[in-house]
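K.L.:
Before anything else, here's the structure in question.
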Amino acid sequence: MLDFPRWKVWSIWAIIAIGIVLSIPSLLSERQLESYPDQLPQSRINLGLDLAGGSYLLLEADAADAAVQRLTAMEENIRNELVRGEPRVRIGDISRSEGQLSFMVRDVTQVDEAVERLRAMTQPVGFTGQRDWTVEVEDTSRIIVAPTADGEQRALADAVTVARDVVRRRIDPSGTREVTVRTSGEERIEVMVPGVDDPEALKDLIGQTARLEFRLVDLTASPEQLSQGRAPAGSEAIPYPDAPPGVPYVGYGAADGIPRIGLERRVIVSGDQLENAQQSFDAQTNEPVVSIKFNPQGARRFGRVTQENVGEPFAMVLDGNVLSAPNIIQPILGGSAQIQGNFTVESANQLGIALSSGKLPVKLDVIQEYTISSDLGQDSIEKGMLASIVATLAVLIYMLMTYGRFGLYANAALVANAFLILGAMAVFNATLTLPGIAGFVLTIGAAVDANVLINERIREELRRGRKILDAIEHGYKEASTAIFDANITNTIAAAMMFYFGSGPIRGFAVVLLIGIVTSVWTAVNFTRMLVAVWARAKRPKKLHI
Amino acid sequence: MKLIKLVPDNTNVDFMQFRKIAIWITMLLAIAGFVLTGVRGLNLGIDFVGGQVVQAEFAEPVDIEDLRGSVADLGLGDASIQEFGSPTTFQIRLPVPEGEESEANRVVGELRGGLEAAYPGVDVGSGQLVSGNVSQELAMDGALSLIFAMMGIAAYIWIRFEWQFGVGALATLFHDIGLLLAFFSITQLQVDLNIVAAFLTVVGYTLNDTVVIYDRIRENLRKYRKMNIVPLINLSLNETLSRTITTSVALLLAIGAMLIFGPEVIFGLTIAIFLGLFIGTYSSIYISAPLLVMLGVTGDSFVHDEDNVANREQRRDDGAVV
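Taken in order, these protein sequences are the chains called A and B. Residue numbering for the first sequence follows the UniProt record's numbering, beginning at 1 and increasing consecutively. Residue numbering for the second sequence follows the UniProt record's numbering, beginning at 1 and increasing consecutively.
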């Protein structure tokens with residue numbers, strides 16, 4: 001009992017010192033942290049949304065929509081490969097039914113050729129030799145191309161990964177910090193934005209489709225025709241909500257009151273050919289606009305068309321609505337342009353983000369959402385802190401009054417334990433949630449248990465007439481099995497919470513798991529060391545416990 | 001300084017005297033708890049049933065029945081309304097309409113518009129939404145975590161002790177869960193994901209308590225081979241009583257502080273744990289220990305295998321073995 005080697009004493013103090021050092025950044029305010037020396041660890045405990053305030057969204061990819069999109073893309077690929085490839089394979093209409101594509105090959109001798117070329121387009125999935133599409137021949141000349149389940153799953157998972165990055169690009173530049181965007185399972189994306197109280201704005205930001213097109217205005221369309229929603233062949237009537245009054249080629253008299261303008265179906269340049277887009281101000285009017293830059297191919301096309309149509313109007317179309325339709329004053333050759341519309345700085349900024357972040361590859365539905373106002377979060381932190389302090393003090397006093405000197409040692413272990421928990425959470429970058437605070441308080445209470453078991457055991461051994469040092473020795477030894485077994489059960493419960501839990505529950509489980517480990521360690525090693533050092537120095541004749 | 005001793009030294013309470021009646025009464029209570037929960041149901045939050053919730057803060061106190069009427073007039077589906085902390089704050093829960101996500105926004109928009117027209121100065125905050133699929137998953141995960149935690153712990157106890165102890169621990173858990181469910185069914189406090197965490201904590205704590213007692217029973221079974229099982233369990237309970245009470249008081253102090261000073265948002269979680277501490281302490285004494293007698297634990301249960309064989313053979317010669 002008394003031979004507690006020096007290296008052990010030092011290593012125990014070292015561990016506690018490390019715990020304290022690691023927990024300091026989490027206890028400092030942001031400002032204090034700035035002047036905190038860089039040489040020391042900086043990692044802090046994250047605050048969960050329930051404490052920091054903010055919005056949470058759980059998005060789910062629409063698998064049916066993804067499957068339809070994939071089928072459409074495949075249909076296009078088949079046409080490109082067979083009809084436009086060499087040698088040309090003539091095929092009938094491609095029909096879709098039950099999620100697969102089928103078509104006739106006109107010339108029976110080309111069936112094998114077609115199948116071979118289609119097979120080459122498919123990709124292997126996984127290690128089983130499965131491919132993402134099956135290509136089969138029916139009735140000698142009908143080819144059926146069907147997606148495989150593995151292929152669909154992989155395509156969806158890929159789409160979700162791309163969508164996650166798009167979502168992140170859309171949210172990140174909007175100026176909020178510590179945004180979390182991550183995939184959850186195969187088809188979900190979790191979005192956590194601290195400090196944002198308005199989930200609607202967040203959803204708008206994520207959900208913006210932002211399909212941008214530049215098209216020429218068809219000046220032959222008459223306003224009467226347009227207001228009835230009709231346009232000459234090769235053109236269509238497109239809504240132009242913010243049309244300035246008195247434009248001769250705009251139809252104002254539509255039944256829904258939204259003006260229409262005739263646009264050529266042909267798209268000059270679309271958003272796919274953008275390199276960059278951001279909010280800026282118009283040099284003349286100082287109004288907010290979106291500055292865009294095309295890629296070389298887009299720049300060439302835009303330059304050629306504007307060159308050929310100087311003096312004529314062209315239209316900027318966003319998601320099927322015309323934003324504005326200015327005249328081409330001079331050819332735009334450099335590949336840079338401005339999108340004008342009735343923008344505010346904010347809406348121009350959002351459009352810029354939406355345009356440059358790319359297109360969402362799959363439709364996302366919001367399946368779970370919550371918002372916690374930062375006031376409520378602040379209130380929770382304050383009350384949680386107060387409760388933790390009161391709880392800790394109450395337990396400390398109670399232990400001191402119950403076990404005297406040994407209670408004091410148990411209390412030292414409790415305090416060390418609190419630092420170790422904070423330090424460990426900071427190292428793992430764990431998130432502290434509201435239930436996590438409850439978990440912390442509970443751990444304080446439970447940490448006492450190990451010491452209670454030991455101290456009660458020492459009392460018992462003393463009653464049985466053992467000598468003091470002998471009783472202490474036995475107390476620690478005999479209590480250890482009970483401490484071990486009791487904490488394993490808690491570990492199992494906490495592990496289940498972590499494994500099956502989500503969000504706040506995981507936070508609770510993390511605190512519990514860390515707390516179990518640190519509390520057993522401090523209760524057994526730390527107090528034992530304190531007792532040993534005291535007993536060796538004092539050689540007590542009487543034990544007050 | 002005089003130290004506190006809540007439990008005097010060398011107690012000798014005859015716990016086992018009432019064991020049969022105690023087991024039957026509380027087990028019946030626990031079963032009644034399950035039945036009550038089945039019949040009366042729980043006030044499940046949107047975590048588990050799906051839907052959307054908004055908080056409305058009114059300028060002045062509003063009669064809940066009036067509010068129910070106004071919300072019903074909007075025709076937004078089956079709404080449920082609860083007072084939330086003060087008579088000017090209400091939580092309004094609505095079903096998530098079928099179809100597009102914009103539908104859900106539309107419904108909240110209509111609710112906001114309707115309430116603003118009927119009660120000037122009302123502030124309808126942004127809310128919380130859980131779709132049907134997610135809520136089913138959350139409910140499933142909650143139930144699974146509870147079941148697996150119970151199974152895992154029981155299996156552990158079975159391996160570390162004997163099968164009777166595993167069964168005893170499981171029965172104790174059923175008892176605790178039954179009573180806790182009854183509490184939530186009677187009070188109709190909202191059951192959300194946090195409550196699952198509370199249940200799991202209670203499960204962990206109860207077993208913590210039970211295991212400490214089992215541990216002592218095992219130790220005494222090895223020490224006093226000849227002692228009859230009933231007085232042996234009584235002895236073990238008395239020996240661990242001081243620890244049981246001291247730890248429970250410490251935990252009650254900690255959780256009590258959380259209950260009084262902590263944020264209201266986790267009131268459900270803390271009250272469940274607080275209550276669970278009482279139930280757990282009781283059941284580890286009156287359910288888990290006496291059940292061992294009923295399941296036939298004897299002095300032979302923990303003798304090493306070799307000893308066991310030797311013992312049996314020896315006793316067989318005596319003809320004393322049953």
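For every residue, glycine included, the Cβ atom is placed at its ideal position computed from N, Cα and C.
1) Which partner residues of Phe428 (chain A) appear in the DSSP bridge assignment?
2) Please go through the same chain and pick out, in chain order, the residues whose beta-carbon is closer than 8 Å to the beta-carbon of Asp62 (chain A), but skip the five residues on each side of it.
3) Excluding five sequence neighbours on each side, which residues of the same chain lie with their C-beta closer than 8 Å to the C-beta of Ile4 (chain B)?
4) Name, please, each residue of chain B whose Cβ falls closer than 7 Å to the Cβ of Gln368 (chain A).
5) Would you identify the three-state DSSP class for Gly85 (chain A), choosing helix, strand or coil?
6) Applying a beta-carbon distance threshold of less than 8 Å, which residues of chain A neighbour Thr11 (chain B)?
7) For Thr246 (chain B) and chain A, any beta-carbon pair shorter than 9 Å?
8) Answer with yes or no whether the minimum CB distance from Val122 (chain B) to chain A is below 9 Å.
9) For Glu369 (chain A) and Ala479 (chain A), I'd like the C-alpha separation in whole angstroms.
10) Would you kindly report the start and end of the unbroken beta strand (DSSP E) that includes Asn276 (chain A)?
11) DSSP has Glu236 (chain A) in a bridge; who is on the other side?
12) Since Phe15 (chain B) is in the beta strand (DSSP E), which residue starts that stretch and which ends it?
13) List the residues of chain A that Ser86 (chain B) touches, going by C-beta distances under 9 Å, in chain order.
14) Is the CB of Leu156 (chain B) under 9 Å away from at least one CB in chain A?
15) Nearest to Leu543 (chain A) by CA position, among A:Trp521, A:Phe440, A:Gly404, A:Ala201, is which residue?
16) What are the complete alpha helix (DSSP H) segments, minimum 4 residues, inside the region 146-198 of chain A?
17) Could you pull out every unbroken beta strand (DSSP E) segment of at least 3 residues lying fully inside the UniProt domain "SecDF P1 head subdomain" (261-362) of chain A, listed in chain order?
18) Considering only C-alpha positions, which residue in the set A:Ser222, A:Val267, A:Ile144, A:Gln278 is nearest to Gly253 (chain A)?
19) Could you check whether Glu264 (chain A) and Ser235 (chain A) sit closer than 9 Å to each other, using their CB atoms as the reference points?
20) Leaving aside the five residues before and after Ala192 (chain B) along the sequence, list all residues of the same chain whose C-beta is less than 6 Å from its C-beta, in chain order.
21) Considering just the uninterrupted stretch of the beta strand (DSSP E) at Val217 (chain A), what are its terminal residues?
22) Look up Met104 (chain A) in the DSSP assignment and say whether it is helix, strand or coil.
23) So for Glu313 (chain B), helix, strand or coil by DSSP?
24) Considering only C-alpha positions, which residue in the set B:Ala117, B:Thr246, B:Pro231 is nearest to Asp73 (chain B)?
25) Could you pull the DSSP bridge partners for Pro244 (chain A) from this structure?
26) Could you tell me if Tyr224 (chain B) is buried or exposed, where buried requires 16 or more neighbouring beta carbons within 10 angstroms of its beta carbon?
27) Where does Tyr370 (chain A) sit, in a helix, a strand or coil, going by DSSP?
28) Shortest alpha-carbon distance to Glu382 (chain A) belongs to which of B:Asp300, B:Gly51, B:Pro263, B:Tyr282?
29) Given this structure, state the Cα-to-Cα distance separating Ser288 (chain B) from Gly204 (chain B), to the nearest angstrom.
30) Ala535 (chain A) to Ala493 (chain A), Cα distance in whole Å?
31) Answer with buried or exposed for Val250 (chain A), where buried requires no fewer than 16 other C-beta atoms within 10 angstroms of its C-beta.
32) Please report the straight-line C-alpha distance between Arg506 (chain A) and Tyr499 (chain A), rounded to a whole angstrom.
33) What residues are listed by DSSP as bridge partners for Gln190 (chain B)?
34) If distances are taken between C-alpha atoms only, which option among A:Ile545, A:Gln278, A:Glu30, A:Arg96 comes closest to Leu400 (chain A)?
35) Please check if any C-beta of chain B sits within less than 9 Å of the C-beta of Phe103 (chain A).
36) Ends of the alpha helix (DSSP H) at Ile271 (chain B)?
P.N.:
The answer reads as follows:
1) Partner(s): none; Phe428 (chain A) has no beta bridge.
2) Val362, Lys363, Leu364, Asp365
3) none
4) Leu129, Val130, Ser131, Val134
5) coil
6) Chain A residues near Thr11 (chain B): none, gap ~12 Å exceeds 8 Å.
7) yes
8) no
9) 47 Å
10) 274-281
11) A:Leu263
12) That residue, Phe15 (chain B), is in no beta strand (DSSP E); it is neither H nor E in DSSP.
13) None at all; the shortest Cβ gap to chain A is about 14 Å.
14) Just to set this straight, residue 156 (chain B) is Tyr in the shown sequence, not Leu. Yes, Tyr156 (chain B) lies at the interface with chain A (some Cβ there is under 9 Å from its Cβ).
15) A:Gly404
16) 149-171
17) 274-281, 288-294, 314-318, 321-324, 336-339
18) A:Ser222
19) yes
20) Note on residue identity: the sequence assigns Asp, not Ala, to residue 192 (chain B). Same-chain partners within the cutoff: Gly45, Asp47.
21) 212-217
22) strand
23) Low per-residue confidence applies at Glu313 (chain B): pLDDT is 46, beneath 50, and the placement is therefore not dependable enough to give any value.
24) B:Ala117
25) Its beta-bridge partners do not exist; DSSP assigns none.
26) exposed
27) strand
28) B:Pro263
29) 14 Å
30) 38 Å
31) buried
32) 8 Å
33) B:Asn43
34) A:Ile545
35) no
36) 267-283
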